[in-house]
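Heads up: the sequence shown begins at 1 in full-length UniProt numbering, then just goes up one per residue.
Built from N, CA and C at the ideal position, the CB exists for glycine as well.
Here the structure comes first, spelled out in structure tokens, and everything after it is commentary.
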Amino acid sequence: MYVFYQIGISIGMIVVAFAIHILRQAINGNSLFIMFNYLFALSISIGGIFIIVASLAAMQPQNWYTSSPLGKILIAS
Numbered sequence: 001m002y003v004f005y006q007i008g009i010s011i012g013m014i015v016v017a018f019a020i021h022i023l024r025q026a027i028n029g030n031s032l033f034i035m036f037n038y039l040f041a042l043s044i045s046i047g048g049i050f051i052i053v054a055s056l057a058a059m060q061p062q063n064w065y066t067s068s069p070l071g072k073i074l075i076a077s
């Protein structure tokens, strides 16, 4: 199962790199759709970050929130 989490993290990093590439092309180019390119790159990068965070969260053991002090505080309140 650990391999699938690594694949998810790798896909997330590729998506973020693709968003950075789109952003760099938008900055260097003289396109009429610069704002659209910015928003498109932002949405892709947010999606990639969500993929990375979800993969990292899935790697945690199922009871990570009960074993950490922060989790105990959040559950108690």
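- For serine 45, same chain residues with a beta-carbon under 6 Å away, outside a window of 5 residues either side, are Val16 and Ala19 in chain order.
- If only complete runs of 4 or more residues are kept, the stretch 11-67 shows the alpha helix (DSSP H) at 34-59 and 64-67, in order along the chain.
- In this structure, phenylalanine 40 and isoleucine 22 form a Cβ contact; the two beta carbons are roughly 6 Å apart against a cut-off of 8 Å.
- In this structure, the straight-line span from the alpha carbon of valine 3 to that of leucine 32 is close to 42 Å.
- Cα atoms of methionine 35 and glutamine 60: separation of roughly 38 Å, rounded to the nearest angstrom.
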